[in-house]
Every structure is written in structure tokens, then in C-alpha cells.
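**Student:** Residue numbers for the sequence shown follow my numbering, beginning at 1 and rising by one. Quick one: structure below, then a few questions.
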Amino acid sequence: MNKDAELGTVYLVGAGPGDPDLLTVKAMNLLSRCDAIVYDSLIPQELLDFVPKTCVRHFVGKRRGHHSVPQFKTNNLLFEMAQSHSCVVRLKGGDPFLFGRGAEEAAFLNKKGVTVQIVPGITAGIAVPAYLGIPVTHRLAGSSITFVTGHEGIDKRRPSVNWRALAKASDGLVIYMGVHNLDYIVRELIAGGLASDTPSVVIQQGTVIGQRYIKAKLMELVNEVNRLEFITPSVIVIGSVVNFQLIDCAPSPANVTMPISF
Ligand SMILES: C[S@@+](CC[C@H](N)C(=O)[O-])C[C@H]1O[C@@H](n2cnc3c(N)ncnc32)[C@H](O)[C@@H]1O
């Protein structure tokens with residue numbers, strides 16, 4: 001039962017990292033019956049094909065060469081959708097609570113009296129390396145892995161990542177949104193004591209058409225990324241887990257395209 005009978009329910013749904021086969025059954029059920037959908041950039045068109053034709057669609061992601069829609073506008077749009085539709089899907093790439101502002105949107109809607117339900121998704125940080133047969137943990141590669149953003153907040157309200165401390169504290173790193181800042185990240189990690197020959201990989205457009213990757217020693221990673229012009233979306237994995245790649249176990253990327261951004 002909704003808190004306010006006049007308001008619809010907003011489902012905060014994780015779409016997974018691109019391959020539509022990685023959508024959860026719960027997410028698929030919601031997509032096939034929602035009457036409004038608000039979605040981000042890293043959503044392949046094929047996922048939207050599951051949505052009823054009558055469903056109202058709003059794109060709030062970043063388009064090439066444009067800024068993303070400000071968060072307050074997305075929040076207000078979601079509230080507006082909840083006022084006029086009973087089943088609203090807020091579709092986000094990967095998992096909605098991992099570097100996706102899902103918690104901020106849920107809290108905003110909650111305050112307004114809207115019922116919000118979370119539908120977790122498969123995060124890129126696990127699935128994208130897995131599509132190359134790279135496990136994010138291995139007993140022989142240590143006991144810890146850290147998921148970290150490489151994107152420093154523009155508004156500087158968030159504390160910045162202490163890369164030097166992470167160099168010592170975690171056996172492996174999975175970095176989201178890190179390609180633009182890679183030069184700085186690598187310099188800080190090495191300054192913090194991480195061996196410059198630590199195995200590393202950058203994977204662009206994982207799980208879908210265009211998937212490609214570079215494996216290199218940490219100190220060579222930036223040159224390779226620049227030389228081969230790697231762009232967003234990319235996941236970076238740093239640590240000896242990269243050496244445990246099982247390429248023969250890697251699934252084939254799905255035959256769908258993912259919007260890329262610059
Ligand atoms: C705003 S974060 C959202 C992460 C998402 N909530 C998740 O759980 O995967 C977007 C970043 O996720 C990573 N990413 C998402 N999908 C990806 C893909 N298919 N291939 C490579 N990186 C991906 C990239 O680092 C991208 O810049």
C-alpha cells in the first residue's frame with residue numbers, strides 16, 4: 001500500500017552493465033508493466049524495447065557534448081511522475097546504489113511521501129571484468145577489493161579519495177569513472193607505495209558491442225589508454241587478480257550498443 005493513495009510507486013531499478021541478459025527477472029517484470037520510465041545514459045535501447053508502447057519515457061542522462069540533467073531536476077521529475085503514474089521505473093545502469101545517486105533520489109521521494117522500492121542490479125565493477133574472465137577476488141591475490149570512484153566531485157563537497165592510503169590498504173581496486181583522471185590516480189597510487197609493475201586492466205564498453213581492453217603494468221597504463229584512446233564508460237581493475245584471468249570462461253558480449261560519452 002502506498003503512503004499516499006494519490007501517489008504511484010517509484011521502483012529504483014538496476015539495469016545491469018549493458019547486456020540485456022544480465023537484467024534481473026524482477027527488473028524485467030517491472031519494465032514490462034511500468035507506465036512511466038526515467039532512464040540514464042548507460043542504458044542500451046534494447047532494454048527500452050521491453051517497455052510498453054504507452055509508457056511515458058524521460059531521458060535524464062548525459063548526451064555527448066552536453067551536461068547531465070541537474071540532480072534536482074531529475075528528483076522533481078520523478079516526483080511529478082509519481083503524481084501522475086502508478087508504476088514508475090527509475091532505471092539506472094548497474095546497481096542503483098553503487099555510484100548511482102540512487103540513495104539521494106530515494107530519500108528525496110521518501111520525504112515527499114512517495115513509496116520507493118529498490119531493485120538491485122548487477123554492477124559493472126563485477127560483471128565487466130567477468131566478461132573478460134577476470135575475477136575481482138582470488139584467494140591467491142589477497143583478501144580485499146575496493147570499489148572506488150575516480151571522478152572527483154565538481155562541487156568539491158565530497159571528500160576526495162585518498163589514493164595513497166588505498167595503495168596500501170586494499171589488495172585490489174575496481175575504479176569506476178576513472179579514465180579521465182587516470183594519470184593522477186596512477187601517480188598517487190605509486191606515490192603511496194603500490195608497485196609500479198602491478199597488473200592492471202582498463203575495460204571499455206564491457207558486456208556489449210565495442211567491448212575492448214588494455215592490460216598493462218600500472219606505470220604503462222596511462223600511455224596505453226591515451227595511445228588507444230580509451231573513453232567512458234570504462235572500468236579499471238588494479239591488482240594481482242588481473243593475472244588470474246580465465247579468458248576461455250569469458251561470455252561473449254551482447255549484440256547491443258551502449259551509448260558512449262566524452
Ligand atoms: C555513474 S557510474 C554508475 C555505476 C553503476 N551504478 C554500476 O553499478 O555499475 C558509471 C560508471 O560505471 C562504469 N560502467 C558502467 N557500465 C559499464 C560498462 N558496460 N563498461 C565499462 N564500464 C562501465 C564506468 O566506470 C562508468 O563511468
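Glycine is no exception: its CB is placed at the ideal position from the N, C-alpha and C atoms.
Looking at tyrosine 176 and ligand 1, is the gap between the Cβ and the nearest heavy atom below 6 Å?
**Tutor:** In the sequence shown, residue 176 corresponds to position 176, counting from 1. Yes; taking the cut-off as 6 Å, the Cβ of tyrosine 176 has a heavy atom of ligand 1 nearer than that.
**Student:** Going by the CB atoms, is the gap between alanine 82 and valine 38 shorter than 7 Å?
**Tutor:** By 1-based counting over the sequence shown, the position of residue 38 is 38. By 1-based counting over the sequence shown, the position of residue 82 is 82. Contact flag unset, no.
**Student:** State buried or exposed for glutamate 229, treating a residue as buried only when at least 16 other CB atoms are found within 10 Å of its CB.
**Tutor:** What you label residue 229 is simply residue 229 of the sequence shown in a count that begins at 1. Glutamate 229 is exposed by the Cβ-count criterion.
**Student:** Among Phe244, Leu12, Gly100, whose alpha-carbon lies nearest the alpha-carbon of cysteine 87?
**Tutor:** On the sequence shown, residue 87 is found 87 positions in, with the first residue counted as 1. Among Phe244, Leu12, Gly100, the Cα nearest to that of cysteine 87 belongs to Leu12.
**Student:** What number of angstroms, rounded off, separates the C-alpha of valine 116 from the C-alpha of glycine 100?
**Tutor:** On the sequence shown, residue 116 is found 116 positions in, with the first residue counted as 1. On the sequence shown, residue 100 is found 100 positions in, with the first residue counted as 1. Between valine 116 and glycine 100, the C-alpha separation is close to 16 Å.
**Student:** So, does the stretch 131–141 touch the stretch 167–178, judging by three or more C-beta pairs under 8 Å?
**Tutor:** Yes, the stretch 131–141 touches the stretch 167–178.
**Student:** So the beta strand (DSSP E) isoleucine 175 belongs to, where does it begin and stop?
**Tutor:** By one-based count along the sequence shown, residue 175 stands at place 175. Unbroken beta strand (DSSP E) run through isoleucine 175: 172–176.
**Student:** Check whether the Cβ atoms of valine 201 and valine 225 sit closer than 7 Å, and answer yes or no.
**Tutor:** As a working note, residue 201 is residue 201 in the sequence shown. As a working note, residue 225 is residue 225 in the sequence shown. Not in contact: valine 201 and valine 225 (Cβ atoms no closer than 7 Å).
**Student:** Cβ of aspartate 95 versus every heavy atom of ligand 1: is any distance shorter than 6 Å?
**Tutor:** What you label residue 95 is simply residue 95 of the sequence shown in a count that begins at 1. Checking the Cβ of aspartate 95 against ligand 1 gives yes.
**Student:** Using 6 Å as the cut-off, classify the Cβ of glycine 142 as near or not near the heavy atoms of ligand 1, replying yes or no.
**Tutor:** As a first step, residue 142 is located in the sequence shown; it is residue number 142 there, counting from the start. Not under cutoff, so the answer is no.
**Student:** Would you verify that the beta carbon of serine 143 is, or is not, closer than 7 Å to some beta carbon of chain B?
**Tutor:** Given the protein chain composition of this structure (a single chain), no chain B is represented.
**Student:** Compare the Cα-Cα distances from lysine 217 to each of Val235, Gln204, Ser196, Pro233 and report the closest residue.
**Tutor:** Along the sequence shown, one-based indexing puts residue 217 at 217. Minimum Cα distance to lysine 217 is reached at Ser196.
**Student:** Candidates Ser144, Gly150, Thr123, Leu246: which alpha carbon is nearest glycine 206's?
**Tutor:** Counting from 1 along the sequence shown, the entry for residue 206 is found at position 206. Ranking the options by Cα distance to glycine 206, first place goes to Thr123.
**Student:** Leaving out five residues before and five after valine 51 in sequence, what residues of the same chain have Cβ atoms less than 6 Å from its Cβ?
**Tutor:** As a working note, residue 51 is residue 51 in the sequence shown. Cβ within range, chain order: Leu31, Ile37.
**Student:** Tell me, please, which residues DSSP counts as bridged to proline 199.
**Tutor:** If you number the sequence shown from 1, residue 199 lands on position 199. Proline 199 is bridged to Lys217.
**Student:** Whole angstroms are fine: how far does the CA of phenylalanine 108 sit from the CA of valine 114?
**Tutor:** Taking the sequence shown and counting its residues from 1, the one referred to as residue 114 is at position 114. Taking the sequence shown and counting its residues from 1, the one referred to as residue 108 is at position 108. Each residue's alpha carbon lies about 9 Å from the other.
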